[in-house]
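Have a look at the structure below, then the notes.
In the numbering used here, the protein residues as written are 2 to 127.
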């Protein structure tokens, strides 16, 4: 029987094997063991009582390992998403500041041009 695993990929690989083993052991119960050996019924029942719970426990352990890996991946994705959102926000702020600076320079040049025009008009009127 496969041993419990600690990594997600191994746990994922073990699940079908464990399920198959449970099916095989259960199928053996439905085969008529008395044909082979009259004492086989007692032996088969004992194997089922011992083997199936162990396999179920291993299956659950493999599922738990997968759950832990999924939760870790989810936390990593959330962390990375937050970092990306912060970067995008900083870039948007920087771009907004740059646009304001450019807009301010344009307005300043326009204002200076109007002031010069008004000064020339006043000087010309005198």
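Ideal Cβ placement from N, Cα and C applies to all residues, glycine included.
Around the beta carbon of residue 82, fewer than 16 other beta carbons lie within 10 angstroms, which makes this residue exposed. Out of 10, 25 and 15, the CA that lies nearest to the CA of residue 58 is found in 15. In the assembly as shown, residue 85 is an exposed residue. Its beta-carbon has fewer than 16 other beta-carbons within 10 Å. In terms of CA proximity to residue 12, 60 leads the group 60, 102 and 78. The three-state reading of DSSP puts residue 29 in helix, counting H, G and I together. Pairing residue 56 with residue 22 gives a Cβ-Cβ distance under 8 Å.
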